[in-house]
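Engineer: Each residue of the first sequence is one higher than the last, beginning at 1 in full-length UniProt numbering. Glycine is no exception: its CB is placed at the ideal position from the N, C-alpha and C atoms. Below is the structure I would like to discuss, written out as structure tokens.
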Amino acid sequence: MTDQQTATSATTEPSGGVRVRFAPSPTGALHVGGVRTALFDWLFARGEAKRQGLDGAFVLRIEDTDRNRYVPGAVESLVASLRWFGLDWDEGPDVGGPFAPYTQSERTDRYRAHAESLIAGGHAYRCFCPPDRLERVRAERQAAGLPPGYDRHCRALPAEDVAANLAAGMPHVVRFATPRQGETIVHDLIRGEITYQNATLEDLVLLKSDGYPTYHLANVVDDHLMAITHIFRGPEWIPTAPVHVLLYQAFGWSMPALLHVPLILAPGGGKLSKRHGATGLEEFQAQGYLPEALMNYLVLLGWSYDGTTEIFSRADLLEKFSIRRISASPGTFDHDKLRWFNQHYINHILSVDDLAARVVPFLADTGLVDAAAAAPSHPQHAQVREAAALLKDRLETLAQAPDLMGFLLADALAPYDPLTLVPKKTEPAAALRALEATLAALDEVDLADEAATEARLRGLAEELGLKTGQLFMAIRVAVTGRTQSPPLFATMHVVGADRCRARVAAAADALRRSVATPVPAGD
RNA sequence: GCCCCCAUAGUCUAGCGGCCCAGGACGUCACCCUUUCAAGGUGAAGAUCGCGGGUUCGAAUCCCGCUGGGGGUACCA
């Protein structure tokens with residue numbers, strides 16, 4: 001072994017089975033990029049591995065080693081979002097497991113011990129450089145056209161100086177002593193081999209001065225201790241992957257397989273952030289997206305099955321997902337396509353009962369129904385179910401339910417705008433006559449017989465000398481308060497005779513008042 | 001600046017040397033259906049496969065360069 005030392009990460013999985021982990025930081029809401037990674041983890045362990053007859057375990061680990069960025073309650077929110085999305089895990093902070101604890105802040109003794117062993121083996125060293133010196137060095141190196149970074153000042157610190165500093169209680173960090181020569185090969189299951197010159201690598205901090213580990217140490221130690229076989233992570237880790245390879249080598253451990261999933265870009269390019277709309281799972285949930293639609297959309301962002309199939313249920317994905325078809329190129333988040341998936345699931349995949357149950361929380365938020373109306377035994381349930389059946393094809397998100405279903409659930413409508421009661425190419429007086437005639441006709445029909453109602457009202461249009469469209473539109477606005485609605489007779493049936501009569505009468509009144517003080521006719 | 005990743009229509013993608021003067025989907029447009037709006041159906045426009053060199057009888061597919069986009073460059077993950 002000369003200066004051509006080479007290290008390679010593992011490329012094959014051990015026969016014992018597959019163990020993957022999703023390791024978010026509790027710094028805020030779960031990001032769509034994170035869930036997509038978690039989804040790939042889950043599908044690999046629960047789907048692909050199982051299909052190959054291997055045991056597959058999905059582990060949730062909390063990486064809370066940055067005490068400054070920790071957000072109280074974030075762990076609970078992460079867990080809730082993951083569960084809403086439809087993932088479950090075999091081991092984690094909430095469910096325990098053989099490698100507990102699964103929260104890194106509770107494992108600091110392990111990281112410190114491993115850092116010490118690295119120091120003892122000559123693979124790491126204590127660095128006493130204060131932050132201001134680090135900054136100065138960075139600036140100087142940059143000005144000199146060198147890569148910014150640490151100048152390894154403390155790497156050559158004599159043992160007696162180290163001992164003296166330690167005795168004086170000087171704050172310090174532990175840095176990795178990166179090999180100065182040779183090259184390191186990172187083997188990525190998605191991208192193939194990536195070769196780095198060790199000379200370009202930095203002596204990264206492993207243990208911070210507050211005693212907590214950095215990602216680099218904690219990640220390597222835990223993945224090894226928890227017997228992780230495959231690491232799925234974002235592409236932002238590619239640049240430090242060679243250091244991780246070197247760390248495994250320094251510890252004498254075998255390297256898990258690496259998969260750097262493709263980045264999710266914002267519509268304009270760059271990172272996806274708040275200004276591009278929702279990014280956190282809770283937001284998608286609040287905006288009325290279905291978890292299965294979001295999953296379907298997200299899995300296709302960076303993975304494909306045959307390039308033609310678009311709709312995948314969770315079961316389909318468990319049966320068809322393969323890491324071999326994960327793409328290396330970044331993809332742009334497209335809200336329009338997500339919306340299409342959501343609409344498709346509501347319109348064609350959800351049952352009416354399912355939709356009714358899911359729409360209740362949104363209706364309850366605006367006070368239209370009781371929050372308990374999702375239960376079939378609840379008195380309001382039947383009404384919600386009828387509304388769901390009627391609006392199913394028109395809903396893009398659950399959040400639209402209050403707006404689109406309100407006229408079916410409320411007793412009275414908001415005051416009419418007389419202008420909307422007068423259909424295009426219709427005289428206000430004719431519209432008023434039509435409403436008055438409709439009110440009378442309502443006494444003759446049974447709304448439960450939609451065909452008969454339609455026949456009667458078509459006849460009425462003829463008697464009035466109006467086109468069916470003109471009459472029907474006037475009735476539609478009177479009954480629903482809007483110019484767009486589900487098919488008129490099914491709608492009237494659900495609204496019921498009493499409310500229909502009251503609304504048509506109220507609409508006629510409103511129009512009468514405005515005819516007295518003429519308004520411009522609808523064109 | 002330095003290191004690294006990526007590159008097929010506005011967007012997500014299929015394609016892994018000949019079946020491709022490039023297939024599917026979202027979006028867009030038109031028509032059909034129709035009492036409105038949707039849903040559905042049919043069809044259209046949209047890609048010189050980023051550019052330039054190679055290799056080959058033959059390249060979107062392999063190699064090199066360039067360009068472009070992106071990521072990293074913290075005692076954050």
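Residues in its own chain within less than 6 angstroms of A507 by CB, not counting five upstream and five downstream?
Structural biologist: As a working mapping, residue 507 is identified with position 507 in the first sequence. Counting only Cβ-Cβ distances below 6 angstroms, and skipping sequence neighbours, we find Y416, L421, L435 and A478.
Engineer: Output the distance between the C-alpha atoms of P147 and T178, rounded to the nearest integer angstrom.
Structural biologist: One-based indexing of the first sequence puts residue 147 at position 147. One-based indexing of the first sequence puts residue 178 at position 178. So the two alpha carbons sit approximately 15 angstroms from each other.
Engineer: With 16 as the cutoff for other CB atoms within 10 Å, does Q484 come out buried or exposed?
Structural biologist: Translated into the one-based positions of the first sequence, residue 484 becomes position 484. Flag for Q484 reads exposed.
Engineer: Considering only their Cβ atoms, is the gap separating A373 from H381 smaller than 8 angstroms?
Structural biologist: Locating residue 381 in the first sequence gives position 381, counting from the first residue. Locating residue 373 in the first sequence gives position 373, counting from the first residue. Yes, Cβ-Cβ distance for H381 and A373 is below 8 angstroms.
Engineer: On the criterion of 16 or more Cβ atoms from any shown chain inside 10 Å, does N198 qualify as buried, or is it exposed?
Structural biologist: Translated into the one-based positions of the first sequence, residue 198 becomes position 198. Buried, since its Cβ has 16 or more Cβ neighbours within 10 Å.
Engineer: Within 8 angstroms, do at least three Cβ pairs link the segment 392-409 to the segment 287-306?
Structural biologist: Yes, the segment 287-306 is in contact with the segment 392-409.
Engineer: Could you spell out the range, first to last residue, of the beta strand (DSSP E) harbouring I231?
Structural biologist: Taking the first residue of the first sequence as position 1, residue 231 is located at position 231. Taken as a continuous stretch (DSSP letters only), the beta strand (DSSP E) holding I231 covers H230 to R233.
Engineer: Is it the case that the Cβ atoms of V352 and A389 are separated by a distance below 8 angstroms?
Structural biologist: Within the first sequence, residue 352 is the residue found at index 352, counting from 1. Within the first sequence, residue 389 is the residue found at index 389, counting from 1. Yes.
Engineer: Based on Cα-Cα distance, which residue from L217, R233, G149 and R191 lies nearest to T200?
Structural biologist: Indexing the first sequence from 1 puts residue 200 at position 200. If we check each option's Cα against that of T200, G149 comes out closest.
Engineer: Which of the three DSSP states, helix, strand or coil, is assigned to H344?
Structural biologist: In the first sequence, counting from the first residue as 1, residue 344 sits at position 344. In this structure, H344 counts as helix in the three-state DSSP scheme.
Engineer: Output yes or no for whether 8 angstroms exceeds the beta carbon distance between I231 and L206.
Structural biologist: Position 231 of the first sequence holds residue 231. Position 206 of the first sequence holds residue 206. Against a cut-off of 8 angstroms, the Cβ pair of L206 and I231 comes out as no contact.
Engineer: Please classify V369: does DSSP put it in a helix, a strand, or coil?
Structural biologist: Taking the first residue of the first sequence as 1, we reach residue 369 at position 369. DSSP places V369 in coil when its eight states are reduced to three.
Engineer: What would DSSP say about W303, mapped onto helix, strand or coil?
Structural biologist: For the purposes of this step, residue 303 is taken as the residue at position 303 of the first sequence. Three-state DSSP puts W303 in a strand.
Engineer: Pairing CB atoms from the segment 169-183 with CB atoms from the segment 245-258, are three or more of them under 8 angstroms?
Structural biologist: The segment 169-183, when compared against the segment 245-258, does touch it at the 8 angstroms Cβ threshold.
Engineer: Buried or exposed: where does G270 fall if 16 or more other Cβ atoms within 10 Å of its Cβ makes it buried?
Structural biologist: Translated into the one-based positions of the first sequence, residue 270 becomes position 270. Exposed, since its Cβ has fewer than 16 Cβ neighbours within 10 Å.
Engineer: By DSSP, does Y125 sit in helix, in strand, or in coil?
Structural biologist: Taking the first sequence and counting its residues from 1, the one referred to as residue 125 is at position 125. Y125 falls in the strand class under three-state DSSP.
Engineer: Could you round the C-beta distance between R19 and I228 to whole angstroms and report it? I think they count as a contact, below 8 angstroms.
Structural biologist: Residue 19 sits at position 19 when you count from the first residue of the first sequence. Residue 228 sits at position 228 when you count from the first residue of the first sequence. With a Cβ gap of about 5 angstroms, R19 and I228 count as contacting.
Engineer: Specify the secondary structure class of A257 as computed by DSSP and reduced to three states.
Structural biologist: Counting from one through the first sequence, the residue named residue 257 turns up at place 257. Correct three-state label for A257: strand.
Engineer: From L488 to A429, what does the alpha carbon distance come to, in whole angstroms?
Structural biologist: The residue you call residue 488 lines up with position 488 of the first sequence. The residue you call residue 429 lines up with position 429 of the first sequence. C-alpha separation (whole angstroms): 22 angstroms.
Engineer: To which residues of the same chain is I410 closer than 8 angstroms at the C-beta, ignoring the five residues directly before and after it?
Structural biologist: Here the question's residue 410 lines up with position 410 in the first sequence. The residue asked about is misnamed: residue 410 is Ala in this sequence, not Ile. Answer for A410: L368, listed in chain order.
Engineer: Buried or exposed for D94, please, with buried defined as at least 16 other CB atoms from any protein chain shown within 10 angstroms of its CB.
Structural biologist: Here residue 94 corresponds to residue number 94 of the first sequence, with the count starting at 1. Under this definition D94 is an exposed residue.
Engineer: If I follow the unbroken beta strand (DSSP E) through A57, where does it start and stop?
Structural biologist: Position 57 of the first sequence, counted from the first residue, corresponds to residue 57. Note, A57: beta strand (DSSP E), G56 to L60.
Engineer: Per DSSP, what kind of secondary structure is V422 in: helix, strand or coil?
Structural biologist: Within the first sequence, numbered from 1, the residue matching residue 422 stands at position 422. If DSSP states are grouped into helix, strand and coil, V422 belongs with coil.
Engineer: Quick check: what's the CA-CA separation for L166 versus G121?
Structural biologist: Within the first sequence, the letter at position 166 stands for residue 166. Within the first sequence, the letter at position 121 stands for residue 121. Approximately 19 angstroms between the Cα atoms of the pair.
Engineer: Excluding the 5 residues preceding and the 5 following A241 in the sequence, name in chain order all residues of the same chain whose CB lies nearer than 6 angstroms to its CB.
Structural biologist: Looking up residue 241 in the first sequence gives position 241. Result list for A241: V186, in chain order.
Engineer: Take R456 and list the residues in its own chain whose beta-carbon comes closer than 8 angstroms to its own, dropping the five residues that flank it on each side.
Structural biologist: Numbered from its first residue, the first sequence carries residue 456 at position 456. Excluding positions up to five away in sequence, the list reads A441, E444 and V445.
Engineer: Throw me the rounded Cβ distance for the E319 and G86 pair, which I believe falls under 8 angstroms.
Structural biologist: What you label residue 319 is simply residue 319 of the first sequence in a count that begins at 1. What you label residue 86 is simply residue 86 of the first sequence in a count that begins at 1. Not quite, the Cβ-Cβ distance comes to about 16 angstroms (not below 8 angstroms), so this is no contact.
Engineer: With DSSP run on the structure shown, which of helix, strand or coil describes I137?
Structural biologist: Position 137 of the first sequence, counting from 1, holds the residue named residue 137. Position check: residue 137 holds Val in this sequence, whereas Ile was assumed. In the structure shown, V137 sits in a helix (DSSP, three-state: H, G or I).
Engineer: Spatial neighbours of E63 within its chain, please: C-beta separation below 6 angstroms, excluding the five flanking residues on both sides.
Structural biologist: Translated into the one-based positions of the first sequence, residue 63 becomes position 63. A23, S25 and Q104.
Engineer: Kindly indicate which three-state DSSP category E193 falls into: helix, strand or coil?
Structural biologist: Here residue 193 refers to the residue found at position 193 when the first sequence is read from its first residue. Reduced to three states, the DSSP call for E193 is strand.
Engineer: Kindly indicate the opening and closing residues of the alpha helix (DSSP H) around I119.
Structural biologist: The residue labelled residue 119 in the question sits at position 119 within the first sequence. Counting along the chain, the alpha helix (DSSP H) containing I119 begins and ends at T108 to A120.
Engineer: Among V35, E91, A29 and E116, which one has its Cα closest to the Cα of V71?
Structural biologist: For the purposes of this step, residue 71 is taken as residue 71 along the first sequence, with counting starting at 1. Answer by Cα proximity: A29.
Engineer: Touching or not, the segment 136-144 and the segment 254-268, by the rule of three or more beta carbon pairs under 8 angstroms?
Structural biologist: Touching, no, given that fewer than three Cβ pairs across the two stretches are closer than 8 angstroms.
Engineer: Looking at H493 and A448, is the spacing between their C-beta atoms short of 8 angstroms?
Structural biologist: As a working note, residue 448 is residue 448 in the first sequence. As a working note, residue 493 is residue 493 in the first sequence. Cβ atoms of A448 and H493: closer than 8 angstroms.
Engineer: For the alpha helix (DSSP H) holding residue 524, just list the boundary residues, first then last.
Structural biologist: The structure shown has nothing for residue 524, since the chain only spans 1 to 523.
Engineer: Do the segment 65-85 and the segment 342-350 make contact, defined as three or more Cβ pairs closer than 8 angstroms?
Structural biologist: No, the segment 65-85 does not touch the segment 342-350.
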